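Comments concern the structure below.
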DNA sequence: ATAATTTCCGTTACCGTGCACGGAATTCGA
DNA sequence: TCGAATTCCGTGCACGGTAACGGAAATTAT
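Protein chains in written order, with the numbering used here: chain X, 3 to 354; chain E, 3 to 354.
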């Protein structure tokens, strides 16, 4: 960057009349330096604009550090599988500065498995942690421990309200995404009259539920643009294709005038079989996240558009942020990073 | 990646009974090695799965290499300003492995300035080049020289048909983007009847014009979905706000039934003043690229949606690809990288 | 056969930092 | 005042790879 020749720790040493050992001690302020020497070194560092050589540092440190990624287990075709795939992308690129990444999974419906995963992470003594905080209380207990041990951590996907000592957060602006979703569903037209919201019943409590905020954004948009629109609710359960199909059948029998359908989580693919058995060229269908099954439905035209947040990118960015902090103690430019909401349609899905 | 302890060049040397000097010579095949030794070293490298330590290598090499970026001059608010901003993003991140990046600009309407820029690039003796090839013939002459000198190069934005020795290409699928554009303009509805295409007259020849392919994709979509739609053409000239305004005025006077407006280049902002003086809630307006002026119009609702290709990302990826190739001789996974076409609306423009 | 090349290879001094070790200088206690 | 405990600091090796240098071995010329 600076056109001046690169100045090294030795230059600082010579300039201050001290040795590089001492300079190194003040650079990593690990004590054993007199106030006078410390001040002198700092002064010269400022003056010459010293910037450490990353590569020499990484080389000398040798043994690579560990970053733990703590996310729900990634069943095939699930949202979290996408996130897990970001780990590999992160690992191969040069952005992680040769850091080691390890995946720790937990069952998103079992709080004990989360606790267990947390303690496994702590045992691994990571230099940094990426966590998807589905269980609010437990997450805070966990990050409290991390903070106590001076281990930096980054949230992805969502973020507990009350935690403010995280290094960063990468996620989607949920409320806004609901707003955008409504705009997509209605194609920007006013006075839409009927919409069905298909929802997945959550029996477990104490989880943070991103769909709440999304639904809020969605409903506010509808209130503004189509005030007299009736919003139907239909609850389905996962892993029950027949039940889902049947529920849709009977619901639409009762509400034959309803056209557009929306879901606020990543499982729009669950209702695709019914939709494809009952085609309607005027129906618009909007869902979230770029799961393979969702993309397929998009390509076939069953789903009109998807709003994607690319969890793999979130993981990659989270890991790189931690790597730069751990290795170069470089703070991220922003703490809260709201990621771009990608609108996917059948016409741009091939290139994303 | 491999759980095995990392093996170094010294391990190879010990295992082969040779010295690390020799191993280094075969690694960079710079000769002065007997066939027998060469084979032996290669064998052991395979066997142990040796992977060089990037950081040690970079440290030892010392002086950083140069990548030249050759793009049209970036007037404020222009498309190429976005591209130029990608250089800084690339420079600061760790992805470029400490490589030096230098910008070489040319006047996109002056072929001589392009020639001049090319020779300036060659004088700088770069280790790699990023080119935006607006002038087809001249670009081929230039890349021919690069090839002769063994300098790798990457295309962004567009790519000459006949060049196949480039390292990679990053750009938007132009035809498809026109298709997508049409879908956005019509909101997916069939039998739209009237559309105006505002175009910028190109007086210079021999330039590659991305809008041709876009328009083709657009018209094919319209032919499929709204066969009897009439497509109006209106030609404007840049840097002539009054003339543009006047032309729009008289055109719409003659065609009062036309609602939707589209432009295939990045200059949709040129017609925004007229549009805002003649508001129409049913009108849809679609353009390309995330210029600041376009984004503003999007926020105000004057422009319905923009299709963005993020030229800064193209530059960043191009530079990182070159860096990995130059420093680690790692080939990119794909040569032709069609980038995601981002659909921007007023509801997702804040977070991109 | 000996000298002159050429081919091939080992040695060695870096690159810039990190960090352990030991010693000098200072302060403290008696 | 003298030894002991601190405090502070310099030295030197290690990290893994690069490349110049010079010399031994093999080849060619005379």
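Ideal Cβ positions, reconstructed from N, Cα and C, are used throughout, including at glycine. Quick caveat, the model's predicted, so the values are computed rather than measured.
- Message: Pop quiz: residue 91 of chain E and residue 314 of chain E are said to be a contact at Cβ under 8 Å. What is the actual Cβ separation, rounded to whole angstroms?
- Response: 6 Å
- Query: If contact means a Cβ-Cβ distance below 8 Å, which residues of the segment 54-69 of chain X contact chain E?
  - Reply: 55, 56, 57, 58, 60, 61
- Are the C-beta atoms of residue 347 of chain E and some chain X residue less than 8 Å apart? yes
- C-beta atoms of residue 250 of chain E and residue 99 of chain E nearer than 8 Å: no
- Task: Let me know if residue 286 of chain E comes out buried or exposed under the rule of 16 or more other beta-carbons within 10 Å of its beta-carbon.
- Result: buried
- Query: Is there a Cβ from chain E that is less than 8 Å from the Cβ of residue 224 of chain X?
  - Reply: no
- Item | Within chain X, partners of residue 178 of chain E - CB distance below 9 Å | 349, 350, 352, 353
- Query: Based on Cα-Cα distance, which residue from E:128, E:140, E:172 lies nearest to residue 153 of chain E?
  - Reply: E:128
- Message: Please confirm whether residue 40 of chain X has its beta-carbon closer than 8 Å to some beta-carbon of chain E.
- Response: no
- Message: Taking only three categories from DSSP, how would you classify residue 339 of chain E?
- Response: strand
- Query: Under the DSSP definition of a beta bridge, which residues are partnered with residue 287 of chain X?
  - Reply: X:263
- Message: Measuring alpha carbon to alpha carbon, tell me which residue in X:305, X:51, X:294 is nearest residue 264 of chain X.
- Response: X:305
- In chain E, what lies closer than 7 Å to residue 181 of chain X by C-beta? 349
- Task: Report yes if the C-beta distance between residue 309 of chain E and residue 200 of chain E is below 8 Å; otherwise report no.
- Result: no
- Which residues, in order along the segment 78-104 of chain X, keep a beta-carbon less than 9 Å from a beta-carbon of chain E? 93, 94, 95, 96, 97, 98, 99, 100
- Could you work out which residues of chain E lie near residue 294 of chain X, taking near to mean beta carbons separated by less than 9 Å? Going along chain E, no residue has its Cβ under 9 Å from residue 294 of chain X, so there is no contact; the nearest lies around 17 Å.
- Message: Using beta carbons (cut-off 8 Å, strictly below), is residue 190 of chain X in contact with chain E?
- Response: yes
- Item | Inter-stretch contact at 8 Å, needing at least 3 Cβ pairs: the segment 325-342 of chain E / the segment 105-125 of chain E | no
- Taking all protein chains shown into account, decide if residue 240 of chain X is buried (16 or more other Cβ within 10 angstroms of its Cβ) or exposed. exposed
- Item | Neighbourhood of residue 339 of chain E by C-beta, 8 Å cutoff - its chain only, sequence neighbours within 5 removed | 170, 171, 172, 173, 319
- Item | Residue-level contact to chain E via CB, residue 175 of chain X, 8 Å cutoff | yes
- Keeping to the same chain, check which residues put their C-beta closer than 7 Å to that of residue 204 of chain X; ignore five residues upstream and five downstream. 211
- Any C-beta of chain E sitting closer than 8 Å to the C-beta of residue 6 of chain X? Bear in mind that the predicted position of residue 6 of chain X carries a pLDDT of just 49, short of 50, making it unreliable; the figure below should be weighed with that in mind. Closer than 8 Å: no.
- Message: What does the Cβ neighbour count give for residue 121 of chain E, buried or exposed, with the cut at 16 atoms within 10 Å?
- Response: exposed
- Task: Label residue 230 of chain E either buried or exposed according to how many other C-beta atoms from any shown protein chain fall within 10 Å of its C-beta, with 16 as the threshold for buried.
- Result: exposed
- Message: Contact between the segment 292-305 of chain E and the segment 157-168 of chain E is defined here as three or more beta-carbon pairs at a separation below 8 Å; is this criterion met?
- Response: no
- Query: Less than 8 Å separating the beta-carbons of residue 268 of chain E and residue 290 of chain E?
  - Reply: yes
- Minimum C-alpha distance to residue 327 of chain E - residue among E:27, E:69, E:195: E:69
- Message: Among E:25, E:213, E:325, E:266, whose alpha-carbon lies nearest the alpha-carbon of residue 56 of chain E?
- Response: E:325
- Query: Quick one: what's got a C-beta closer than 6 Å to residue 15 of chain X's C-beta in the same chain, skipping five residues either side?
  - Reply: 21, 22, 25
- Please work out which residues of its chain come closer than 6 Å, Cβ to Cβ, to residue 134 of chain E, disregarding the five sequence neighbours upstream and downstream, and give them in chain order. 73, 158, 159
- Please decide whether residue 341 of chain E counts as near chain X, where near means a Cβ-Cβ distance under 8 Å. yes
- Message: Measuring straight from C-alpha to C-alpha, what distance separates residue 256 of chain E and residue 197 of chain E?
- Response: 13 Å
- Label residue 195 of chain E either buried or exposed according to how many other C-beta atoms from any shown protein chain fall within 10 Å of its C-beta, with 16 as the threshold for buried. exposed
- Message: What does the alpha-carbon distance come out to for the pair residue 341 of chain X and residue 150 of chain E?
- Response: 43 Å
- Item | Any beta strand (DSSP E) of 3 or more consecutive residues that is wholly inside the segment 115-192 of chain X | 130-133, 155-159, 170-173
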